[in-house]
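Each number in the working numbering comes from the position in the sequence shown (counting from 1) with 47 added on.
Note that beta-carbon positions come from the ideal geometry of N, C-alpha and C, so glycine has one too.
Here the structure is a predicted model, which is why all the values come from computation and not from measurement.
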Amino acid sequence: MATGANVQTSTGAGALLSILRDGRARTRAELAELTGLSRSTVSQRLDGLIDQRWVMAGDGAISSGGRPAAMFTFNGGARVVLAADLGATHARLAVIDLAMTVLAERAVELPIDAGPERTLGAVAGAFDELLREAGREPGQVCGAGVGLPGPVEHGSGRPVNPPIMPGWDGFAVPEWLGARLEAPVLVDNDVNIMALGEHWAAGPAVDHLIFIKMGTGIGCGIISGGKLHRGAQGAAGDVGHIRVADADVPCRCGNAGCLEAVAGGASMAAALREAGTEAHGSRDVVALMRAGDLRATRLIRQAGREVGAVMASIVNFFNPSVIVIGGDIAEAGEQVLAGVRETIYSRSLPLATQHLGIRASELGDRAGVIGAAVMVVEHVLAPDTIDRAVAG
């Protein structure tokens, strides 16, 4: 979303676009007043934005008795972004315009362990079909965003030792997919893009948000000061491998007692199988709970408590205003939320929880594709990027 900081640090065409991205049409005089630029400079910069189709004439005009002043507004439909949220076995893909309107989307079965070239080839093919469905041309694509279910080095967009993605380690995802889409590609881990999506849904009033994905594994995305916090290498938020007290269950990372090994969907499904109940993953555990299975219900509630115990320390350390629970296990609703709330509120400092909200995801399965689109839109529409584009 556009911020006042963007306007203060830039007086180029990108600064004007940052103002207009709030959806309100403005006159040249209003833009001159907001930026401190002269009317002639504003007109020149607007001409460049109109030529690039970032801005268009808005509806209506303001008259003070003479000739009505023209209005200008952000052209959110000028270009589109492609968004992909890849999971262990399924993927959701979408075509979304710059105003964050979903034009076409689909969920497909796409096992990540098929390898990068086969998986990304299927993604590229699905994007072609979705563009046709949306009535858009490949030339209107200004970028693509991809979320992967594993660690991603932020600077390069390459997966790093992803435990459930054989053959993906170090694979040049942005370059390989970008060559086929003929557009820039940004890559991050799936939990980070979900956090971006939930922050977009929450609105600019929420500056400090933590998103917890509870599925086969457990991960965390951190929004700090309105921005995604990735850490030095992109590894921030890996709470799934924090050790749980008095637990020694082996984890797929090679250690024992990790939160993921104790409270992840895979561990709950394994516990149900040992008890003689058929369950293969997170969705089966939630389905059993909804069908009234008491063991599945107890496991989900305890998983919420375990996640809450880890998050209590993070609440004291980070002091978020909102914690959002997403992923397959979040579909259990109050059963998991009650467990999370129980331990966070009992173990965190009163000041840190005084106005803390803990709720389920607003976007559900869409959080990843919305966040992937947000990642691309914020990159493409950054004031410096727009300045360079307008300059040719």
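Indicate whether residue i and residue j have their beta-carbon atoms separated by less than 8 Å.
i	j	result
Ile240	Gly192	yes
Gly217	Arg205	yes
Gly411	Glu389	no
Gly123	Ala146	yes
Ile265	His276	no
Ser342	Ala322	The sequence as given places Arg at residue 342; Ser does not occur at that position. Going by C-beta atoms, Arg342 is nearer than 8 Å to Ala322.
Gln76	Arg68	A small fix is needed here, since residue 76 is Ala in this sequence, not Gln. For Ala76 and Arg68, no; Cβs fall outside 8 Å.
Leu63	Arg92	yes
Val362	Thr400	yes
Ile259	Ala135	no
Gly281	Val416	no
Met422	Leu129	no
Ala60	Ile433	yes
Ala310	Pro297	no
Ala173	Phe119	no
Leu157	Gly194	no
Gly328	Thr263	yes
Glu409	Ala248	yes
Val89	Val188	no
Can you tell me which of the three DSSP states residue i falls into?
i	result
Met261	strand
Leu81	helix
His121	Going by the sequence as given, residue 121 is Phe instead of His. Here Phe121 sits in strand by DSSP.
Met241	helix
Gly217	coil
Glu152	strand
Thr136	coil
Ala52	Residue confidence for Ala52 is low, a pLDDT of 39 falling below 50, so the modelled location carries little weight and cannot support an answer.
Gly272	coil
Ala141	strand
Met147	coil
Pro251	coil
Thr126	The amino acid occupying residue 126 in the given sequence is Arg; Thr does not appear at that position. DSSP places Arg126 in coil when its eight states are reduced to three.
Val296	coil
Gly289	The sequence shown places Ile at residue 289, not Gly. Coil.
Gly59	coil
Leu256	strand
Gly418	helix
Ala407	strand
Ala436	helix
Ala104	strand
Gly95	helix
Ala279	coil
Ala429	coil
Arg86	helix
Arg71	coil
Gly172	helix
Could you work out which residue in the options is closest to residue i when comparing CA atoms only?
i	options	result
Asp237	Ala414, Pro430, Ala429	Ala414
Gly312	Ala303, Leu275, Met261	Met261
Glu176	Thr324, Leu150, Asn122	Leu150
Phe364	Gly386, Arg394, Arg277, Ser408	Arg394
Glu381	Phe174, Val357, Gln349, His402	Gln349
Val234	Val371, Ala131, Glu425, Val437	Ala131
Arg406	Gly61, Ala169, Pro367, Arg86	Pro367
Leu140	Gln99, Asp434, Ala420, Ile259	Ala420
Ile257	Leu84, Gly404, Leu81, Val207	Gly404
Cys267	Thr324, Ile347, Leu306	Leu306
Arg337	Cys300, Gly273, Ala379, Cys298	Ala379
Leu360	Thr344, Ile347, Asp340, Val387	Per the sequence shown, residue 360 should be read as Ser rather than Leu. The candidate whose alpha carbon is nearest that of Ser360 is Val387.
Ser203	Glu180, Gly214, Ala154, Pro231	Pro231
Ala169	Ala138, His255, Ala249	Ala138
Val383	Val155, Leu167, Met315, Ala181	Met315
Met103	Phe121, Val89, Thr88	Phe121
Ser271	Leu78, Ala294, Val253	Val253
Answer with yes or no whether the minimum CB distance from residue i to chain B is below 8 Å.
i	result
Gln401	In the displayed structure, chain B is absent; only one protein chain is listed.
> Are at least three pairs of beta-carbons, each pair with one atom in the segment 274-293 and one in the segment 219-228, less than 8 Å apart?
Replying inline: In this structure the segment 274-293 does not lie against the segment 219-228, because fewer than three pairs of beta carbons, one per stretch, are closer than 8 Å.
> Does the segment 373-383 touch the segment 333-346, meaning 3 or more C-beta pairs lie closer than 8 Å?
Replying inline: yes
> Can you list, in chain order, the stretches of the beta strand (DSSP E) that have 3 or more residues and sit fully within the segment 176-237?
Replying inline: 188-195, 232-236
> What are the start and end residues of each continuous beta strand (DSSP E) run of 3 or more residues lying completely inside the segment 365-402, in chain order?
Replying inline: 369-373
>> What ranges does the alpha helix (DSSP H) occupy inside the segment 297-373, keeping only unbroken runs of at least 4 residues that lie completely in it?
In response: 306-310, 312-321, 329-337, 341-365
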